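J.: The structure's right below; bear with me while I get my questions together.
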Amino acid sequence: EALLLCEAAGYELVIVETVGVGQSETTVADLTDIFLALAIAGGGDELQGIKRGLLEWVDVLAVNKADGPQRAAAEAAAREYRNSFHAQSPRPDAEPPVAVTCSAREGTGVAELWETIAGRHRRMRESGALERLRQRQNTRWLWNIVDDALSTAVRQHPQVRAQRSHLEQQVAAGQLSSEAAAREVLRLFREA
């Protein structure tokens, strides 16, 4: 909703920053035109990103702090990311992800990073891929909204609320499977 407000206010560029813990990134990737991930060399980010599945959402990955004694490590990390991108299945209408290096301290690679982002966005717009991406995003958000509303309605239903604690205790004690408890919750919801 905040992104829609920014667009309605006339902002052409909106940058969304996350805390970098994994789950919020997949949500943000589903809201944005281009997903940029920042990493630093030697900080374990290479494997962390792969473990979290973050790389499957990335359009552009920038390895920052590519300066001084870290320059070689940053270049090596960018190569590692590029290699991992080759192993991924292509996403619909998306260019393959790219990995670049930059140094905010020295200002090197920053202009190239911006050109990579701007060029990618321009090609998406010109090819119609941007419009198709937004259509897919809107469809996914339709069902996310429905899922959230249904979940809230089920949880707030009086009969479900009356049995919730008991069902949760049975599941926790191993007396009832999660599936059986879920079926009971849905039965209570539907029968009222």
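Oh and the sequence shown: position 81 is 84 in this note's numbering, straight run, nothing missing. For each residue, glycine too, the CB sits at the ideal point set by N, CA and C. Remember, predicted model here, so these are calculated numbers, not experimental data.
Going by DSSP in three states, Ala-90 sits in which element: helix, strand or coil?
T.: In the structure shown, Ala-90 sits in coil (DSSP, three-state: anything other than H, G, I, E or B).
J.: So Ala-184 is in the alpha helix (DSSP H); what residue range does that whole segment cover?
T.: Taken as a continuous stretch (DSSP letters only), the alpha helix (DSSP H) holding Ala-184 covers 181–194.
J.: At which residue ranges does the segment 99–127 contain complete beta strand (DSSP E) runs of 3 or more residues, listed in the order of the chain?
T.: Listed in chain order, they are 101–104.
J.: At what residues does the beta strand (DSSP E) containing Val-63 begin and finish?
T.: Run containing Val-63: 63–67, per the beta strand (DSSP E) assignment.
J.: Compare the Cα-Cα distances from Asn-86 to each of Val-17, Leu-64, Ile-43 and report the closest residue.
T.: Comparing Cα-Cα distances from Asn-86 to each of Val-17, Leu-64, Ile-43, the minimum goes to Leu-64.
J.: Spell out a yes or no on whether the segment 138–155 and the segment 66–75 are touching, meaning 3 or more CB-CB pairs, one atom from each, closer than 8 Å.
T.: Taking 8 Å as the limit for Cβ pairs, the verdict is that the segment 66–75 does not touch the segment 138–155.
J.: If I follow the unbroken beta strand (DSSP E) through Ala-40, where does it start and stop?
T.: It spans 39–43 - the beta strand (DSSP E) in which Ala-40 sits, taken as one unbroken run.
J.: Can you tell me which of Arg-82, Arg-137, Ile-120, Val-61 puts its alpha carbon nearest to the alpha carbon of Ser-92?
T.: Among Arg-82, Arg-137, Ile-120, Val-61, the Cα nearest to that of Ser-92 belongs to Val-61.
J.: Run through DSSP, which three-state label would Lys-54 get?
T.: Confidence is the limiting factor: at Lys-54 the pLDDT is only 49, short of 50, which leaves the residue's position unreliable, though a coordinate-based value still follows. Helix.
J.: Could you name the residues of the same chain whose beta carbon sits closer than 7 Å to that of Asp-33, not counting the 5 residues immediately before and after it, in chain order?
T.: If we look at Asp-33 and ignore the five residues flanking it on each side, its Cβ neighbours are Gln-140, Arg-143.
J.: In angstroms, rounded to a whole number, what distance separates the CA positions of Arg-167 and Thr-30?
T.: For Arg-167 and Thr-30, the distance between alpha carbons rounds to 28 Å.
J.: Count the other C-beta atoms from every protein chain shown that fall within 10 angstroms of the C-beta of Val-66, then say buried if there are 16 or more, exposed otherwise.
T.: That one is buried.
J.: Report the rounded CA-to-CA distance for Leu-57 versus Val-174, giving the unit in angstroms.
T.: Straight-line Cα distance between these residues: approximately 32 Å.
J.: Suppose you measure from the CA of Met-127 to the CA of Gln-178; what does that come to, to the nearest Å?
T.: Taking the straight line joining both Cα atoms gives about 53 Å.
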